[in-house]
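Here's the structure, in structure tokens; my notes come after.
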Amino acid sequence: MNLTSTQRGLRAHLIAGGFAFFAAGAVLAAPKAPPPGAALPKGVTLGASVEGITEYRLANGLKVLLFPDTSRPTVTVNVTYMVGSRHENYGETGMAHLLEHLLFKGSKKNPDITRQFADRGMDFNGTTSLDRTNYYEVFQASPANLDWALQMEADRMTGSFIAQKDLDSEMTVVRNEFESGENSPSGVLMKRMQSIAYDWHSYGRSTIGNRSDIENVRLSNLQAFYRTWYQPDNAVLLVAGKFDADATLAKVARLFGAIPKPKRTLPAFWTVEPTQDGERSFAVRRQGDVQIVMLGYKVPSSLHDDSDVMAFASAILGDVPTGRLHKQLVETGKASQVFSFGETGYAPGLQYVGAVVKKGEALEPVRAALTEAVESFGATPPTNDEMARIRRMYENDMERSLNDPQRVGVALSETIALGDWRLFFTGRERIKTITPEEVAGVARRYLRRDNRVTGTFLPEDTPQRAIIPPAPSVESILKEFKPRASTLISEDFVPTQENILKRTQLTTKGGVKLALLPKKNRGEAVTVNLRQHIGDEKNLFGKGAVPELTGAMLMRGTSRYTREQLADEFDRLKIAGGPAHFQTTREHLPAALRLVAHVLKEPAFPAPEFDQLRRQSLVALEASRAEPQAVAARALARHFDLYPKGDVRHANSFDEDLAELTAARLEDLRVFHRAFYGSVPAEMAIVGDFDAAAIVPLVDELFGAWRAPENVAPVLRRHADIAPLKTTLNTPDKENGVYTARLNLDLNIDDPDYPALTLANYIFGEGGLRSRLMDRIRQKDGLSYGGGSQLDAGDLDRAGAFGISAIAAPQNLQRLDAAIRAELARAVKDGFTASELAGAKSGLMQQRQQTRADDGALAAGWTAYLYRDRTYEWSRQFEAKLMAVTLPQLNAAFRKAIDPSKLSVVMAGDQDKVKPTP
993 MNLTSTQRGL RAHLIAGGFA FFAAGAVLAA PKAPPPGAAL PKGVTLGASV EGITEYRLAN
1053 GLKVLLFPDT SRPTVTVNVT YMVGSRHENY GETGMAHLLE HLLFKGSKKN PDITRQFADR
1113 GMDFNGTTSL DRTNYYEVFQ ASPANLDWAL QMEADRMTGS FIAQKDLDSE MTVVRNEFES
1173 GENSPSGVLM KRMQSIAYDW HSYGRSTIGN RSDIENVRLS NLQAFYRTWY QPDNAVLLVA
1233 GKFDADATLA KVARLFGAIP KPKRTLPAFW TVEPTQDGER SFAVRRQGDV QIVMLGYKVP
1293 SSLHDDSDVM AFASAILGDV PTGRLHKQLV ETGKASQVFS FGETGYAPGL QYVGAVVKKG
1353 EALEPVRAAL TEAVESFGAT PPTNDEMARI RRMYENDMER SLNDPQRVGV ALSETIALGD
1413 WRLFFTGRER IKTITPEEVA GVARRYLRRD NRVTGTFLPE DTPQRAIIPP APSVESILKE
1473 FKPRASTLIS EDFVPTQENI LKRTQLTTKG GVKLALLPKK NRGEAVTVNL RQHIGDEKNL
1533 FGKGAVPELT GAMLMRGTSR YTREQLADEF DRLKIAGGPA HFQTTREHLP AALRLVAHVL
1593 KEPAFPAPEF DQLRRQSLVA LEASRAEPQA VAARALARHF DLYPKGDVRH ANSFDEDLAE
1653 LTAARLEDLR VFHRAFYGSV PAEMAIVGDF DAAAIVPLVD ELFGAWRAPE NVAPVLRRHA
1713 DIAPLKTTLN TPDKENGVYT ARLNLDLNID DPDYPALTLA NYIFGEGGLR SRLMDRIRQK
1773 DGLSYGGGSQ LDAGDLDRAG AFGISAIAAP QNLQRLDAAI RAELARAVKD GFTASELAGA
1833 KSGLMQQRQQ TRADDGALAA GWTAYLYRDR TYEWSRQFEA KLMAVTLPQL NAAFRKAIDP
1893 SKLSVVMAGD QDKVKPTP
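Numbering of the sequence shown is given in my numbering, commencing with residue 993 and proceeding in unit increments.
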């Protein structure tokens, strides 16, 4: 199992300059596998069992993994098919991903799958990678929801329509997704890296595929691909969460067991990528605002023992802020950011290492320094501290995955694609035994010149080739594996408002309002949410970028810890998150609270870190100048701006942001922190496994009397009618365009019409693929990959708004605008239907229930309610109002609030791609 995807640098989703690298009930013991000889449904055999996860096999070849867990009232159903982009043939690139889209278009017994998802409030998606495709749905635990999900997955396994009419509309949607990826400098660079690094293997093709293949793929090819790979003997079904294991296994056996075992033989693959015989180079020249240098090295399959060792090397090089590259390139000012991550799978893959450099600065010295740092790594083995840090990081991440059934489902999809889900656990055990010498050894074998992709091809008399070993068999890896027994326990917590109110202790310590909800969680997890308040509209006037920079500097060093030491201390205390919102464990909660209080009260504001932060901020700001999303959003915000320059509510231009960043001084941050930071007033919520009696006095000690010298008061916004605008902005050399629209509303969350408008917004654009908006622009017209609407209402003021956003190719933006306006006008004129209202009520209520089942969301909800002197009783009453909304009330509220003629629209895209209308 390759561990690279869990590394801290990648987990943070590195962003630089507009691009991102593609991450009350009884306490129950963890379930055990049935004893030998236990009665099983007919045709079902028992397989392996590891730490609460049990495998079963059906006679038709389907593998079934059951992971019962009552810690949350939700269920995850995940189906992984062992087919990805590497299985595509010539002319079929992107077909695995396109087929993934078509499986949401309906099947024999479920002709409207996305609507059925929406009516149940289910969170769902599908993903395609090099080796596998998976589909999942997460939903409120109930026999009815689980029954529907299982029968739907069984039905679409072999009964999906895969029809020409669906291909015609979905092809343009997938093409728009391709176009969206073409906007990203890093995404384009990675595509080129893949294609140049590989001569023959299909890993050299991006999963999204080639544009012409997407546009021209034949339905017969898709249907043949579907019939070959979407069969029970090529799939693994995982059910995780709160469910009855025996009853669920019986349902699975009945629903999936009815699918015949296929008679076909899966195609064999024999292509082996030859050893690379010299360094290679390429350049992508497109308009943009950042520079990137990226190195690629071929590395062994995720099945190979060297793969996990290479993951350690990758993390030691690329971690932020502790990694070697960060210290050598970022802290010295040569680069604004660095990264290192692997993309491997069943076959040998690629190790990516790179740096981001500000536009206009010399790139060649950075390339040379980066290459030297990577390829000399084998001569400088990791220190014990480096090994301990990375080992702890991976162990913490894997522990968190095992504590969350939903994350387990996603993680197991990757190891299922390698051949066996238990490889997840062998990888965890391998972490403990990796040595510095092994790490240095893999670096010497693979991070070498003739195995590098960065520059032009050069003839070489003395090649230094890297031999990529074959992958061992899964059986040989698992031969000595001995699974550990699970000891994790949790309680069956019901997240109704009544139970939340019953279980929560509300108190005030000093100036801090506290909500304490102790409950037994898997892994003794506990979540803390702290809501601080800083300044008022008068004393914040003219502060520019200083407040934001001050907050960003808190985790970059304190009076007792450097940035690196602070990151290590967070890992030691198992803290995931930042000072305002984090998760830890019962054992570490007191120390974690003390550490967070220290971070908030005693930042050191080190000058080198300030210089790094400002440089990174400037690079990101400059890069966003050409990004359609940033350009359109900023223009729309400035159109609705009511406040003067210097006001904290003012919508800045790019140049104003740039001037404020440039003008900020380190001493300004120190002065601002002394004057504005405090926790009186503040709200804090703690949810999870902890002792409330012991925590209350600690919170009082740490936060109860910390008062800022400057006044604190809510910064309110005022409602105003703004004249409508329609404009299109040019963003040259960008394949994808952006649509944004807004209409101001005089609206507060306590208004009588707010529940009806909430439901109307869900029907129109917030309800996902089966909303009216997405049904039109994606399902019917095929104009957009993604879009939606948003309703905002003031909580302390009346500054509400209705917004719409979507993406489309620049040449389709005007058609997109016309389609959106037509749907909006239709909703106002004809209204919504009774079935739409019923579906919205069902979907919203289940979504809200699922949200309350998440400790982080529950804690954040408490602090928001406490700020407004409310409790979850408001939530209960609001849901009662939602359920009481009638169809006449729904349509009347929407017609009263929404005037399509007042809609302001800003679109951004490359105008050179817009063809004149015939």
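The beta-carbon is built from N, C-alpha and C at its ideal position, and this holds for glycine as well.
On a Cα-Cα basis, can you pick out the residue from the options that is closest to residue i?
i            : options                : result
residue 1845 : 1398, 1046, 1358, 1264 : 1398
residue 1527 : 1462, 1291, 1887, 1699 : 1699
residue 1377 : 1308, 1413, 1430, 1787 : 1308
residue 1374 : 1587, 1316, 1709, 1879 : 1316
residue 1130 : 1120, 1231, 1081, 1107 : 1231
residue 1100 : 1082, 1657, 1149, 1403 : 1149
residue 1745 : 1880, 1633, 1219, 1141 : 1880
residue 1237 : 1296, 1057, 1076       : 1057
residue 1836 : 1854, 1806, 1812, 1870 : 1870
residue 1537 : 1060, 1515, 1605       : 1605
Along the chain, where does the alpha helix (DSSP H) containing residue i start, and where does it finish?
i            : result
residue 1094 : 1087 to 1094
residue 1388 : 1376 to 1394
residue 1864 : 1864 to 1876
residue 1668 : 1658 to 1668
residue 1157 : 1156 to 1173
residue 1188 : 1177 to 1189
Taking only three categories from DSSP, how would you classify residue i?
i            : result
residue 1737 : strand
residue 1016 : Note that residue 1016 scores a pLDDT of 28, beneath 50, so its modelled location is shaky; the value from the coordinates is reported in the next line. Correct three-state label for residue 1016: coil.
residue 1519 : strand
residue 1631 : helix
residue 1282 : strand
residue 1458 : coil
residue 1359 : helix
residue 1545 : helix
residue 1402 : helix
residue 1903 : helix
residue 1312 : coil
residue 1306 : helix
residue 1205 : helix
residue 1268 : coil
residue 1042 : strand
residue 969  : Residue 969 falls outside the range modelled here, since the chain spans only 993 to 1910, and no answer is possible.
Go ahead and label residue i buried or exposed: buried means 16 or more other beta carbons lie within 10 angstroms of its beta carbon, across all protein chains shown.
i            : result
residue 1472 : exposed
residue 1756 : buried
residue 1557 : exposed
residue 1719 : exposed
residue 1152 : buried
residue 1338 : buried
residue 1204 : exposed
residue 1022 : With a pLDDT of 40 at residue 1022, under the threshold of 50, the modelled position of this residue cannot be trusted, and the question is left open.
residue 1117 : exposed
residue 1788 : exposed
residue 1782 : exposed
By the DSSP assignment, the beta strand (DSSP E) with residue i in it spans what residues?
i            : result
residue 1049 : 1045 to 1050
residue 1782 : 1779 to 1784
residue 1213 : Segment 1211 to 1221 is the alpha helix (DSSP H) holding residue 1213; no beta strand (DSSP E) there.
residue 1482 : 1481 to 1483
residue 1803 : Note, residue 1803: premise wrong, no beta strand (DSSP E); not H, not E.
residue 1913 : The first residue shown for the chain is 993 and the last is 1910, placing residue 1913 beyond what the model contains.
- Message: Can you confirm whether the stretch 1084 to 1091 touches the stretch 1301 to 1317 when touching is taken to mean that 3 or more C-beta pairs between the two stretches lie within less than 8 Å?
- Response: no
- Stretch pair the stretch 1508 to 1521 + the stretch 1858 to 1876: three plus CB contacts closer than 8 Å: no
- Task: Kindly confirm or deny that the stretch 1435 to 1448 and the stretch 1385 to 1398 touch, where touching means at least three C-beta pairs closer than 8 Å.
- Result: no
- Inter-stretch contact (C-beta, 8 Å, three-pair minimum) for the stretch 1847 to 1861 and the stretch 1155 to 1173: no
- Item | At least 3 beta-carbon pairs within less than 8 Å: the stretch 1224 to 1231 vs the stretch 1241 to 1252 | yes
- Message: I'd like to know if the stretch 1604 to 1623 and the stretch 1649 to 1669 are in contact, where contact means that at least 3 CB-CB pairs between them fall below 8 Å.
- Response: yes
- Report yes or no: do three or more beta-carbon pairs, one from the stretch 1424 to 1432 and one from the stretch 1061 to 1069, lie closer than 8 Å? no
- Message: For the stretch 1541 to 1561 against the stretch 1705 to 1715, do three or more pairs of beta-carbon atoms, one drawn from each stretch, fall closer than 8 Å, so that the two count as touching?
- Response: no
- Message: Whether or not the stretch 1187 to 1196 and the stretch 1335 to 1352 are in contact is what I'm after, with contact meaning three or more pairs of Cβ atoms, one per stretch, closer than 8 Å; do they touch?
- Response: yes
- Message: With three or more beta-carbon pairs closer than 8 Å as the criterion, would you say the stretch 1045 to 1060 touches the stretch 1463 to 1470?
- Response: no
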